[in-house]
Ligand code: ARG
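Numbering (this note's numbering), first residue to last: -3 to 428.
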């Protein structure tokens, strides 16, 4: 039995249906609660402009609430033959209530319906992402304070360069996450606008009260121009993807550092045995597979904006079915990013840092700039001091003093963790 909302008496070919519905029956389940929320706001508005009676509204709202409850209980499914979540909700209402169920779609289209669902969904997902960022941020700041005085080599060109510290290393990733939070906040603000009332993308001849649905759904403002509202399908996803890619780039970099510091040639950090993985042939192995998988996942997540750009490049103005495929790309990505953030937090709770790393003579040259600066403070011009230390390195007589005194803002002795915390807190407030 054909179950399309648009059925006009002929059976669509099964192959065509499977091909066009794609993964919607599974992916749309994540939109279900938002779809009902959108419909509730829409019918309240329809009643306010006289397109539904109070009695009809009072029949429809509890029936929608029943569907919302079944979604929260995990009992809601999209039946075979039903195209998507929007159709399923309308069919359930009509099956239960008869003709009054058929009235809810006045003045709307699945095009603005899916847009509303997506905006509400992305708002929540971005909040979940920001909470996961906050958890990892807090962990990194704690570790930065705890290991503030533990020195490590700093590298440039992957050659030993200058003293650094675990306080700086952990703190750097915390601050880097504040930059990513800016992207999350920007994506949130783009998602937080109401497209409802744009209908198929060109509005409606009914006097829809779009300010009312904006209020009811808690959006910051309407996406005013109905064409712009439809254009935000794609734009919103690309903003979300850019935020995800930004966080993934920070996290992937952190994962790479951990893999390197765990390498036996460095040996700066360790994890308890049960958090490492083994080899089927080499009995001694304790591998960093967690951070390798994290690095790989984060690298893939960084391709998201590119995938979406290519999928949507040069589409004609207005709704096109290609847009549906963005769900396949973005939906799994939000979950994957949160899993990676939480896994990083879990692993870092167990990290062990090696003490006195810089006592190893292989890092002696780490101190050359410290020694140049000491001479400068004694009155030697910088270039002469540089030459003096450089010559001692050259002829093999260099002996490091091993004294590190960095006091300026953001340096080893003053990593500015409280200022960085203030930046993060100000951004988190914008998501509240
Ligand atoms: N599943 C569709 C999507 O995600 C819903 C909108 C369908 N609209 C249409 N005109 N066929 O885009």
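In this text, a Cβ means the ideal position worked out from N, Cα and C, and glycines have one as well. Please read all numbers here as calculations on a predicted model, not as lab measurements.
N-terminal and C-terminal residue of the beta strand (DSSP E) that residue i is part of
i, result
"residue 156", "155 to 161"
"residue 149", "147 to 152"
Identity of the residue in the options nearest residue i by Cα
i, options, result
"residue 138", "347, 426, 380", "347"
"residue 221", "241, 233, 245, 190", "190"
"residue 317", "374, 20, 91, 173", "20"
"residue 105", "369, 273, 427, 315", "315"
"residue 357", "37, 107, 172, 148", "148"
"residue 198", "313, 389, 405", "313"
"residue 351", "262, 233, 157", "262"
"residue 82", "157, 27, 353, 295", "27"
"residue 264", "302, 6, 353", "353"
"residue 430", "219, 178, 226", "The requested residue 430 is not part of the displayed model; the chain covers only -3 to 428."
"residue 36", "307, 308, 54", "54"
"residue 319", "230, 406, 387", "230"
"residue 59", "367, 88, 12", "88"
"residue 179", "6, 41, 245", "245"
"residue 94", "392, 56, 80", "56"
"residue 363", "157, 72, 61", "157"
"residue 204", "300, 11, 48", "48"
"residue 370", "402, 181, 4, 13", "402"
Anticipated Cβ contact below 8 Å, residue i with residue j, distance rounded
i, j, result
"residue 112", "residue 192", "5 Å"
"residue 130", "residue 424", "6 Å"
"residue -1", "residue 78", "5 Å"
"residue 281", "residue 275", "4 Å"
"residue 123", "residue 427", "6 Å"
"residue 119", "residue 224", "Incorrect: roughly 18 Å between the Cβ atoms, too far for contact."
Residue i vs residue j beta-carbon contact at 8 Å
i, j, result
"residue 133", "residue 170", "yes"
"residue 39", "residue 202", "no"
"residue 248", "residue 206", "no"
"residue 176", "residue 251", "no"
"residue 126", "residue 144", "no"
"residue 420", "residue 90", "no"
"residue 431", "residue 335", "Residue coverage of the chain in this structure runs from -3 to 428, which leaves residue 431 outside it and unanswerable."
"residue 400", "residue 361", "no"
"residue 114", "residue 209", "no"
"residue 97", "residue 195", "no"
"residue 121", "residue 273", "no"
"residue 140", "residue 167", "yes"
"residue 99", "residue 43", "no"
"residue 159", "residue 349", "no"
"residue 411", "residue 164", "yes"
"residue 368", "residue 385", "yes"
"residue 74", "residue 24", "yes"
"residue 344", "residue 321", "no"
Residue i - containing alpha helix (DSSP H), residue span
i, result
"residue 386", "378 to 390"
"residue 93", "81 to 93"
"residue 208", "206 to 212"
"residue 292", "285 to 297"
"residue 30", "28 to 44"
"residue 343", "322 to 344"
"residue 216", "Premise fails: residue 216 is in no alpha helix (DSSP H) and is neither H nor E."
"residue 139", "106 to 142"
"residue 257", "222 to 258"
"residue 366", "364 to 373"
"residue 282", "Element bounds for residue 282: n/a, residue is neither H nor E."
"residue 17", "10 to 17"
"residue 305", "300 to 308"
"residue 413", "413 to 425"
"residue 63", "50 to 68"
"residue 20", "20 to 23"
Residue i beta carbon near the ligand NAD (any heavy atom closer than 7 Å)
i, result
"residue 68", "The ligand NAD is not among the ligands present in this structure, which contains only the ligand ARG."
>> Check whether the stretch 230 to 238 and the stretch 321 to 330 are in contact - that is, three or more C-beta pairs closer than 8 Å.
In response: Verdict: yes, contact present.
>> Does the stretch 18 to 37 come into contact with the stretch 62 to 75, if we say contact requires no fewer than three beta-carbon pairs (one atom in each stretch) closer than 8 Å?
In response: Counting Cβ pairs under 8 Å, three or more are found: they touch.
> Can at least three beta-carbon pairs, one atom from the stretch 247 to 266 and one from the stretch 201 to 215, be found at a separation below 8 Å?
Replying inline: No: the two stretches stay apart, fewer than three of their Cβ pairs being nearer than 8 Å.
> Taking contact to mean at least 3 C-beta pairs separated by less than 8 Å, is the stretch 281 to 301 in contact with the stretch 332 to 343?
Replying inline: They touch, by the three-pair rule.
>> Within 8 Å, do at least three Cβ pairs link the stretch 150 to 169 to the stretch 389 to 396?
In response: The stretch 389 to 396 is not in contact with the stretch 150 to 169.
> Can at least three beta-carbon pairs, one atom from the stretch 372 to 390 and one from the stretch 409 to 417, be found at a separation below 8 Å?
Replying inline: Cβ pair count under 8 Å is below three, so no.
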